[in-house]
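Protein chains in written order, with this note's numbering: chain Z, 97 to 320; chain B, 1082 to 1186. To start, the structure itself, in structure tokens.
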Amino acid sequence: MMTNLFSVFDPTSSVLMLPLNWMSTFLGMMFLPMLYWAMPSRWSLLWTLITSTLHKEFKTLLGSSHFGTTLMFVSLFSLIVFNNFLGLLPYVFTSTSHLTMTLALALPLWVAFMMFGWINHTQHMFAHLVPQGTPGALMPFMVLIETISNVIRPGTLAVRLAANMIAGHLLLTLLGSTGPSLSATLISMLIIGQILLLILEAAVAVIQSYVFAVLSTLYASEVT
Amino acid sequence: MALGEYPAEYNPKVHGPYDPARFYGKPDTPFGQVKLGELGSWLGRRSVGGIPSAISRAWWRWQHKYVQPKKTGIAPFLQLMVGSMAFFYMLNYGKMVHHRNYKHH
Chain Z
97 MMTNLFSVFD
107 PTSSVLMLPL
117 NWMSTFLGMM
127 FLPMLYWAMP
137 SRWSLLWTLI
147 TSTLHKEFKT
157 LLGSSHFGTT
167 LMFVSLFSLI
177 VFNNFLGLLP
187 YVFTSTSHLT
197 MTLALALPLW
207 VAFMMFGWIN
217 HTQHMFAHLV
227 PQGTPGALMP
237 FMVLIETISN
247 VIRPGTLAVR
257 LAANMIAGHL
267 LLTLLGSTGP
277 SLSATLISML
287 IIGQILLLIL
297 EAAVAVIQSY
307 VFAVLSTLYA
317 SEVT
Chain B
1082 MALGEYPAEY
1092 NPKVHGPYDP
1102 ARFYGKPDTP
1112 FGQVKLGELG
1122 SWLGRRSVGG
1132 IPSAISRAWW
1142 RWQHKYVQPK
1152 KTGIAPFLQL
1162 MVGSMAFFYM
1172 LNYGKMVHHR
1182 NYKHH
């Protein structure tokens, strides 16, 4: 049975052909520190450091009147970063490489922001469609362009994350599949190349999750 | 015993603060000390509904040993990564065996 290049992205496991691979989405929960003692452990200190830095960052983006809104975006970041990073481990499934997963994250966020904005702050939303300093003659076109850019936002959020994950994994898989036919010197070069790509992928994993979270924060701040 | 509730045998006045890694029921002979003839009755005293609580106690025992101490290292992180790799290897084994390049895996 010949499987194709994309078989690493297949969520079907071999247990009764059930899509159990999606369980990797919740794998990140096991890495989160659980607070038991009054004195925090090293792990929870590290995690608190990362999340408090993120909270501060998102607070500056959202403005100080919306205390508590950053919680959702920081948890979104942690979900995506764990999924991206754990997907780099051999045999572990990358759920964020699937458009179903990323769209399921991006679309409800965007729809919620749009509905809130248009129902509650309608004039504010209309004003946003024309950037400051636009010449009068260009205004109709600007409205059109801004509307289109608004409408494609969930698509871009979802596709950016999924495509980055797929590209990284595909590159690693493609290079690896040339391995069996190479000579010894070339294999050592290939291994060094693969290690460098893995480090790059780890960085991309973190960066992409950050970008996703920051952009959703920005879209939220535009509405409020 | 429902999800999120204390075990029925837990009594804060007797046992002190709740420890999720401790078993609060009636003590039984440890598995290593059970005689072969008593194995059937020992297994009969176990229940299938107690498996989730056993898994939870094992998880907390691991947490107490590796994660909760003030000064931990990278060991628990690596153990979790290896564990997850092993789990998903098992899950996908049947699919992998038929792969074209299986002998090189």
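Where is the CB? At the ideal position from N, CA and C, for every residue including glycine.
Buried versus exposed, by CB contacts within 10 Å (16 or more), residue i
{"i": "proline 1157 of chain B", "result": "buried"}
{"i": "asparagine 1173 of chain B", "result": "buried"}
{"i": "tryptophan 206 of chain Z", "result": "buried"}
{"i": "tyrosine 1087 of chain B", "result": "exposed"}
{"i": "valine 355 of chain Z", "result": "The first residue shown for chain Z is 97 and the last is 320, placing residue 355 of chain Z beyond what the model contains."}
{"i": "valine 1148 of chain B", "result": "buried"}
{"i": "serine 277 of chain Z", "result": "exposed"}
{"i": "asparagine 1092 of chain B", "result": "exposed"}
{"i": "isoleucine 262 of chain Z", "result": "buried"}
{"i": "glutamate 297 of chain Z", "result": "buried"}
{"i": "leucine 1084 of chain B", "result": "exposed"}
{"i": "leucine 123 of chain Z", "result": "buried"}
{"i": "alanine 301 of chain Z", "result": "buried"}
{"i": "phenylalanine 222 of chain Z", "result": "exposed"}
{"i": "glutamine 219 of chain Z", "result": "exposed"}
{"i": "glycine 264 of chain Z", "result": "buried"}
{"i": "leucine 114 of chain Z", "result": "exposed"}
{"i": "valine 1178 of chain B", "result": "exposed"}
{"i": "serine 245 of chain Z", "result": "exposed"}
{"i": "threonine 198 of chain Z", "result": "buried"}
{"i": "glutamine 304 of chain Z", "result": "buried"}
{"i": "glutamine 1144 of chain B", "result": "buried"}
{"i": "asparagine 179 of chain Z", "result": "buried"}
{"i": "methionine 1171 of chain B", "result": "exposed"}
{"i": "methionine 98 of chain Z", "result": "Reliability of the predicted coordinates at methionine 98 of chain Z is poor, the pLDDT of 38 falling under 50, and the value obtained from them is presented with this limitation in mind. By the 10 Å Cβ count, methionine 98 of chain Z comes out exposed."}
{"i": "threonine 313 of chain Z", "result": "buried"}
{"i": "serine 1128 of chain B", "result": "exposed"}
{"i": "serine 174 of chain Z", "result": "buried"}
Closer than 9 Å at the beta carbon, the chain C residues around residue i
{"i": "valine 177 of chain Z", "result": "The structure shown has no chain C; the protein chains it does contain are Z and B."}
Contact under 7 Å by Cβ, residue i with residue j
{"i": "proline 186 of chain Z", "j": "methionine 1166 of chain B", "result": "yes"}
{"i": "leucine 150 of chain Z", "j": "valine 170 of chain Z", "result": "yes"}
{"i": "serine 193 of chain Z", "j": "threonine 121 of chain Z", "result": "no"}
{"i": "histidine 310 of chain Z", "j": "phenylalanine 212 of chain Z", "result": "First, the residue type needs correcting, since residue 310 of chain Z is valine and not histidine in the sequence shown. No, they are not a contact pair."}
{"i": "threonine 166 of chain Z", "j": "lysine 155 of chain Z", "result": "yes"}
{"i": "valine 239 of chain Z", "j": "leucine 257 of chain Z", "result": "no"}
{"i": "proline 1098 of chain B", "j": "tryptophan 1141 of chain B", "result": "no"}
{"i": "proline 250 of chain Z", "j": "leucine 184 of chain Z", "result": "no"}
{"i": "phenylalanine 189 of chain Z", "j": "asparagine 260 of chain Z", "result": "no"}
{"i": "methionine 126 of chain Z", "j": "leucine 1161 of chain B", "result": "yes"}
{"i": "serine 284 of chain Z", "j": "glycine 1175 of chain B", "result": "no"}
Cβ-Cβ separation, residue j to residue i (assumed contact under 8 Å), whole Å
{"i": "leucine 253 of chain Z", "j": "phenylalanine 181 of chain Z", "result": "Their Cβ separation, rounded to whole angstroms, is 19 Å, which puts leucine 253 of chain Z and phenylalanine 181 of chain Z out of contact at 8 Å."}
{"i": "leucine 201 of chain Z", "j": "leucine 172 of chain Z", "result": "7 Å"}
{"i": "glycine 1106 of chain B", "j": "glutamate 1119 of chain B", "result": "About 18 Å separates the two Cβ atoms, so there is no contact after all."}
{"i": "alanine 316 of chain Z", "j": "phenylalanine 209 of chain Z", "result": "6 Å"}
{"i": "leucine 282 of chain Z", "j": "leucine 271 of chain Z", "result": "With 8 Å as the limit, leucine 282 of chain Z and leucine 271 of chain Z do not qualify as a contact, their Cβ atoms being about 11 Å apart."}
{"i": "phenylalanine 1104 of chain B", "j": "arginine 1138 of chain B", "result": "6 Å"}
Near the ligand ADP: residue i beta-carbon under 6 Å from a heavy atom
{"i": "serine 305 of chain Z", "result": "Of ligands this structure carries none, so the ligand ADP is not represented either."}
Report yes or no: do three or more beta-carbon pairs, one from the region 103-114 of chain Z and one from the region 1095-1114 of chain B, lie closer than 8 Å?
no
Between the region 291-310 of chain Z and the region 131-144 of chain Z, do three or more beta carbon pairs fall short of 8 Å?
These segments do not touch.
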